[in-house]
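Numbering (my numbering), first residue to last: 908 to 1376.
Data block below; observations after.
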C-alpha cells in the first residue's frame, strides 16, 4: 500500500516538474541563449508531447482522487456487562478526518451537547484526538500487531482494514502498471544544475539591488591571456556588508583591473590596509565566477579562461610541523610552479616577507623572473618597493612575453589633519588601485602617528610624564 502511494506521489511530482520546466523555458518567458538550456527545452517539449506523458497527466488526478477519499475509518465496538470491549467491526471508510472534542467530555458522554454540534460534527469525537508522531509510526515493525501482546480485537480489525484498503488501491495499482516504464530519476540529476543556475541568478539580483554592478563577461580566447574588468569589486566583501546596508554603491570601492600585453605580471605596492589584499581577492573571485559561467562583479569585463587559479596568502605558523613560515611559503610556491602554465592566473600576497629585507628581495626577484618565464598572469603584492622600482632590471635578466608592471594602492592627503612636524601631510587611504611607480615608502609613519607611537608623539608623552612626577 505504501509503495503504491509513494509511486503515485512520485509520478505526480514528475508531471508537475516537466510541466513547470516547459513553462519556465518557453519562448514567452524570454529568449534563451544557453546551449544547455536550449537542449533541455527541446527534450522537455518532446517528452511533454508524447502520448504516454499526456495519458499520465490526464489520469493522475482521477487516481489521486481515489486515494484522497480514504482519510479515516469508523470502528464499532460492543461492550459486555462489565463495559469491557469484546466485539468489534469495521463500520466505514470515510473521506473526512476525525477531530477531537473541544467540549466537556462528560457533557458529550451523557448527551448534554450544545446546539452547535449538528451534522457537521459527525466526525468529531467525544474525547480528545490522540496523535502518534509520524516518526514513531514509521518505526513500528510491520508485524507488531501480530505479536502476543496485541489486543485480540485489534488484530482482526486491522486485517479487515488491510483487506478493504487493498481492494481500494488494486485498481490504482493496475493503472500504475501501465506507466511502469516511466522513469523520473533524470529529474534528480537536474536538481544540482538548476540549483546552481538559480543561485547565480539570485546573486546577480542581490548585488544589483544593493547598487553594485554585475555583468556577463565577454569570453576572450585562452591564447590571449587577458583579464580586463572595469569597476571590479570584491564580491566576498560586498556579501559581508550587504546585510546591514541597503545601498553599497557608496561604500564598496571599485577598481579597474587589466592584464594584457602591456603588463601581465603586476607588482602591487602601497600602504598597509590600503586595499591590496581586497583587490587581489577580487581578481581571483571574478576569474572563478567567470569560469563556472556566472556573471562577474564588475560593470564590464573581458576575460580569457585560466587553466589554474593558484594563490598564496599569509597563513599562521604551525610549530608542530617543525617548519617555519618561510619554509612553508617556499614549499607552497614550489607547488604552484609545478602546475603553473602560461594560461594560469597566480596570486601571491606578501610572499617571501618573513625573512630579512635583503633575503626577501633576492627571493622575490627570482619568483618574479620565473613568473615572467612561465608567461602567467599574476599579481605580486609586496612592501618591497625596490622590486617595482627595478622592473627594467627584471625584464633584462629574464626571458618571456609577460611584461611586468607596477600598481599602487592610492592615498590622498588630509589637509585638515595636520601635525607639528608635517603640517598638512596626514594621509588617508582611498582603496583605489592604479598603474603607477611605487611611492617609495609603505606609510608606516602614518600608521605610527595614527596609533600615537611616532617618535615625536612618544617624546611628548615622556615630557608630559616628567611634568606629573
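In this text, a Cβ means the ideal position worked out from N, Cα and C, and glycines have one as well.
Fair warning: this is a prediction, and the values are worked out from it, not measured in the lab.
By the neighbour-count criterion, in which a residue is buried when 16 or more other Cβ atoms sit within 10 angstroms of its Cβ, residue 1183 is buried. Cβ contact annotation for residue 919 (same chain, cutoff 8 angstroms, sequence separation greater than five): 967, 971, in chain order.
A contact between stretches requires three or more CB pairs, one per stretch, nearer than 8 angstroms, and the region 1205 to 1224 meets this requirement with the region 1118 to 1137. The bridge partners DSSP lists for residue 1318 are 1336. The bridge partners DSSP lists for residue 1342 are 1314. For residue 999, the enclosing beta strand (DSSP E) begins and ends at 992 to 1001.
Leaving aside the five residues that flank residue 915 on each side, the residues in its chain whose CB is nearer than 8 angstroms to its CB run, in chain order, 967, 970, 971, 974, 1079, 1083. The continuous beta strand (DSSP E) containing residue 1218 extends over residues 1216 to 1219.
With a threshold of 16 other beta carbon atoms within 10 Å, residue 1194 meets it and is buried.
Under the Cβ criterion (8 angstroms, minimum of three pairs), the region 1166 to 1177 counts as touching the region 1306 to 1314. A residue is called buried when at least 16 other Cβ atoms come within 10 angstroms of its Cβ; residue 946 does not meet this threshold and is exposed. The residues 1141, in chain order, have a CB closer than 6 angstroms to that of residue 1188 in the same chain once the five nearest residues on each side in sequence are set aside. Under DSSP, the beta-bridge partners assigned to residue 1136 are 1164, 1208. Residues of the same chain with a CB within less than 8 angstroms of the CB of residue 1217, apart from the 5 flanking positions on each side, are 1243, 1246, 1247, 1251, 1252, 1253, 1254 in chain order.
Excluding residues up to 5 positions away in sequence, 1120, 1161, 1162, 1163, 1205, 1206, 1207 lie with their Cβ nearer than 8 angstroms to the Cβ of residue 1138 in the same chain. For residue 1287, there is no enclosing alpha helix (DSSP H); the residue is found in the beta strand (DSSP E) stretching over 1284 to 1288. Comparing alpha carbon positions, the residue from 1173, 1077, 1297 closest to residue 910 is 1077.
For residue 979, the enclosing beta strand (DSSP E) has its first and last residue at 979 to 986.
The alpha-carbon separation between residue 1156 and residue 1221 amounts to approximately 29 angstroms.
The DSSP-derived three-state label of residue 1176 is strand. For residue 1253, the uninterrupted beta strand (DSSP E) segment begins and ends at 1252 to 1256.
Only buried fits residue 1271, as 16 or more other CB atoms lie within 10 angstroms of its CB. In this structure residue 1287 is in contact with residue 1175, their Cβ atoms being roughly 7 angstroms apart against a cut-off of 8 angstroms. If you check the CB distance, residue 1172 and residue 1278 come in under 7 angstroms. Secondary structure at residue 917: helix, using DSSP grouped into helix, strand and coil. Annotation: residue 1081 to residue 1074 spans about 11 angstroms, alpha carbon to alpha carbon. Where residue 1114 is concerned, the enclosing alpha helix (DSSP H) starts and stops at 1092 to 1116. In this chain, residue 1156 is not harboured by any alpha helix (DSSP H), its DSSP state being neither H nor E. Per DSSP, reduced to three states, the secondary structure at residue 1064 is helical. Of all alpha-carbon atoms in 1340, 1170, 943, 999, the one lying nearest the alpha-carbon of residue 1064 is that of 999. Burial check for residue 1092: the Cβ neighbour count within 10 Å stays below 16, so the residue is exposed.
For residue 943, the closest C-alpha among the options 922, 1069, 1101, 1337 is that of 1101. The beta carbon of residue 1355 sits closer than 7 angstroms to those of 1361, all from its chain and outside the five residues before and after it, given in chain order. In the structure shown, residue 1006 falls within a strand segment according to DSSP collapsed to helix, strand and coil.
Excluding sequence positions up to five before and after residue 1240, its CB lies within less than 7 angstroms of the CB of 1219, 1258, 1274, all in the same chain and listed in chain order.
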